[in-house]
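Peer 1:
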Ligand code: PEP
Ligand code: MG
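Residue numbers (my numbering): 911 to 1434.
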């Protein structure tokens, strides 16, 4: 039996199915409310220490998620209702479950994708404490298993030993979720949005996360062709590593620049600058994650990346908060956030915050080859206002005798109005195509919704035609055009992007080798 889904992290896995949602062990109730209280306190403490231990070995993305879980568990507001129920006679497990389920229901009912996605984090927190209360039960998957269920918690992903293979197959899930991001960076095969539920009784399964399918109880022929596809994937990956150290070029020798996308300044620690052409996109929303960063914090973050890159360019994007990236104390609640006050619109509405970032960028600029770009530009007035703010802050720094430099200013091309009528922007220093947003706005298909993922393709002729038109406009007018959306690192989309005229891509660091290998196969 074959079930179709959406690939979230490419790769192949063959193994037994392991149900993620199996019931936890049984809680042994205590003699008094006081003991129940102690039992819950101890379980929360145990869950926190496990998370703290995991932070120690996690990379920066994973650490961010784990720290968020720790902060939630340490927040009294979350546990207060549970302790109140214990005082009125409930057992610790029932009280905790009831309190968390009520909280989860609130998140599930939100009309904002971001908050609905955080319900998965809360379920994770709930289950970690329940597990600690029931002394863990047997919830460890066998080595090489394919974890299946509705959704998977980030900590569950991080606790799993992936060194013997294995994969993830989900009924719900989204390619933009935290876990999908982790799976791509660790190379764990993952498929989301399966059209039918899986039952673990089915025995052995074949997960093809390159094309997005899972086969249950496979026939010998199915096993044969699966293994062939899997070894061809492994061979392509192995071969790709040999491309990493060389500059990228097509079959005919046309040079293509390949830069990397980063978020946290610590991301660069794991990248050899010799393997890429610089940073094509540094997303600064990460710095705005929990609290609004001050000028000094931002200056240090930008300077670190600029010094790492040396003479190679580093394109830093001003904060793109809003949409699916809310920032407490900055973004506003909206009914339709992808079409609301996000990106440059929000920065221009909150000059107190925007000016701090502009000053940090101007001060960091002398430390490397900085370029700055604005996200979600829809009209030339927005660009002109943002550029005028840079000029004002530059003059203010000069008047105070503070070292600074004016970087070239460019824009993201991710709103259809810009891609359709780029002539309004002939004065900008460069264009960077944001294919994630451009595709979702052209196709009217939210980028974080698995139900419409089939529509969300950069290879739709309408999207490619716009990309081609922007590349041609740039060429005619001497404006450099690059692309920094996820499509740039997707071997299946790279031929179409190069055929559309692009010669400059920026990709996730984990995709660098495969992207360069895919470029070498394109006959342009
Ligand atoms: C994009 O939209 O393609 C892009 C690179 O920006 P983000 O994914 O951060 O919105
Ligand atoms: Mg975008």
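We put the beta carbon where it would ideally sit given N, CA and C, even for glycine.
With a threshold of 8 Å, establish whether the CB of residue 1256 neighbours any heavy atom of ligand 1.
Peer 2: Checking every heavy atom of ligand 1 against the Cβ of residue 1256, none is found closer than 8 Å.
Peer 1: Put residue 1047 into one of helix, strand or coil per three-state DSSP.
Peer 2: Bear in mind that the predicted position of residue 1047 carries a pLDDT of just 49, short of 50, making it too unreliable to give a figure here.
Peer 1: Can you list, in chain order, the residues of its chain with a C-beta nearer than 6 Å to that of residue 1166? Leave out the 5 residues immediately preceding and following it.
Peer 2: If we look at residue 1166 and ignore the five residues flanking it on each side, its Cβ neighbours are 1158, 1413, 1429.
Peer 1: Would you say residue 1122 and residue 1101 are within 9 Å of each other, going by their C-beta atoms?
Peer 2: Contact: yes.
Peer 1: Kindly indicate which residue of 1373, 1241, 1184, 1295 has the alpha-carbon position closest to the one of residue 1218.
Peer 2: It is 1184 whose Cα lies nearest to the Cα of residue 1218.
Peer 1: Note down, one range per segment and in chain order, each beta strand (DSSP E) of at least 3 residues found wholly within the segment 1301-1384.
Peer 2: Listed in chain order, they are 1319-1323, 1341-1343.
Peer 1: Is residue 1359 near ligand 1, judged by its Cβ being under 8 Å from some heavy atom?
Peer 2: Answer for residue 1359: no, Cβ out of range of ligand 1.
Peer 1: Have a look at the DSSP bridge pairing and note the partners of residue 1118.
Peer 2: BP columns for residue 1118 point to 922, 1123.
Peer 1: Excluding the 5 residues preceding and the 5 following residue 1175 in the sequence, name in chain order all residues of the same chain whose CB lies nearer than 7 Å to its CB.
Peer 2: So the list reads 1211, 1214, 1215, once near-sequence residues are dropped.
Peer 1: Helix, strand or coil: which one does DSSP assign to residue 1225?
Peer 2: Note: residue 1225 maps to strand in three-state DSSP.
Peer 1: Could you tell me which uninterrupted beta strand (DSSP E) segments, each at least 3 residues in length, are contained entirely in the segment 914-980, listed from first to last along the chain?
Peer 2: Within the segment 914-980, the complete beta strand (DSSP E) runs of at least 3 residues are 916-919, 922-929.
Peer 1: Rounded to whole angstroms, what's the CA-CA distance from residue 1245 to residue 1021? Just pull it up for me.
Peer 2: Between residue 1245 and residue 1021, the C-alpha separation is close to 7 Å.
Peer 1: Starting from the Cα of residue 1055, find the closest Cα among 925, 1363, 1392, 1066 and give me that residue.
Peer 2: It is 925 whose Cα lies nearest to the Cα of residue 1055.
Peer 1: Which stretch, first to last residue, makes up the beta strand (DSSP E) that contains residue 1281?
Peer 2: Looking at the DSSP string, the run of the beta strand (DSSP E) that includes residue 1281 is 1279-1284.
Peer 1: I'd like to know if the segment 1366-1379 and the segment 1325-1339 are in contact, where contact means that at least 3 CB-CB pairs between them fall below 8 Å.
Peer 2: Touching, yes.
Peer 1: Using CA coordinates, which residue listed in 1043, 1099, 985 is at the minimum distance from residue 953?
Peer 2: Looking at the Cα atoms, 1043 is the closest of the given residues.
Peer 1: Looking only at its chain, what residues have a beta carbon closer than 7 Å to the beta carbon of residue 958, apart from the 5 residues adjacent to it on each side?
Peer 2: Correct list, in chain order: 980, 983, 984.
Peer 1: For residue 1168, which of helix, strand or coil comes out of DSSP?
Peer 2: Reduced to three states, the DSSP call for residue 1168 is strand.
Peer 1: Quick check: residue 913 and residue 1125, are their CB atoms within less than 9 Å of each other?
Peer 2: Against a cut-off of 9 Å, the Cβ pair of residue 1125 and residue 913 comes out as a contact.
Peer 1: Quick check on DSSP: helix, strand or coil for residue 1204?
Peer 2: Coil.
Peer 1: Determine the contact status of residue 1254 and residue 1296, defining contact as a CB-CB distance below 9 Å.
Peer 2: Their beta carbons are under 9 Å apart, which means residue 1254 touches residue 1296 by this criterion.
Peer 1: Have a look at 1230, 1155, 997, 1381 and flag the residue whose alpha-carbon is nearest the alpha-carbon of residue 1513.
Peer 2: Since the displayed the chain opens at 911 and closes at 1434, residue 1513 lies outside it and no answer follows.
Peer 1: What do you get for residue 1161, buried or exposed, if any count of 16 or more other CB atoms within 10 angstroms of its CB means buried?
Peer 2: That one is exposed.
Peer 1: For residue 1191, is the beta carbon positioned less than 8 Å from some heavy atom of ligand 1?
Peer 2: Yes, Cβ of residue 1191 sits closer than 8 Å to a heavy atom of ligand 1.
Peer 1: Going by C-alpha distance, which of 965, 949, 1106, 1222 is nearest residue 1039?
Peer 2: The residue with the shortest Cα to Cα distance from residue 1039 is 949.
Peer 1: Pop quiz: residue 1372 and residue 1362 are said to be a contact at Cβ under 8 Å. What is the actual Cβ separation, rounded to whole angstroms?
Peer 2: 15 Å between Cβ atoms; not a contact.
Peer 1: Checking 9 Å against the spacing of the C-beta atoms, do residue 1383 and residue 1333 come in under that value?
Peer 2: Yes. Within cutoff.
Peer 1: Going along the chain, which residues put their C-beta within less than 5 Å of some heavy atom in ligand 3?
Peer 2: Judged by which ligands are present, ligand 3 is missing from the structure shown, whose ligands are ligand 1 and ligand 2.
Peer 1: Which full runs of the alpha helix (DSSP H) of 4+ residues lie inside the segment 1040-1109, going along the chain?
Peer 2: With a minimum length of 4 residues, the continuous alpha helix (DSSP H) runs that stay inside the segment 1040-1109 are 1064-1069, 1088-1096.
Peer 1: Specify the secondary structure class of residue 1417 as computed by DSSP and reduced to three states.
Peer 2: Reduced to three states, the DSSP call for residue 1417 is strand.
Peer 1: If we ignore side chains and look at the alpha-carbon of each, how far apart do residue 1189 and residue 1179 end up?
Peer 2: Approximately 13 Å between the Cα atoms of the pair.
Peer 1: Below 9 Å between beta carbons: does that hold for residue 1234 and residue 1357?
Peer 2: Contact flag set, yes.
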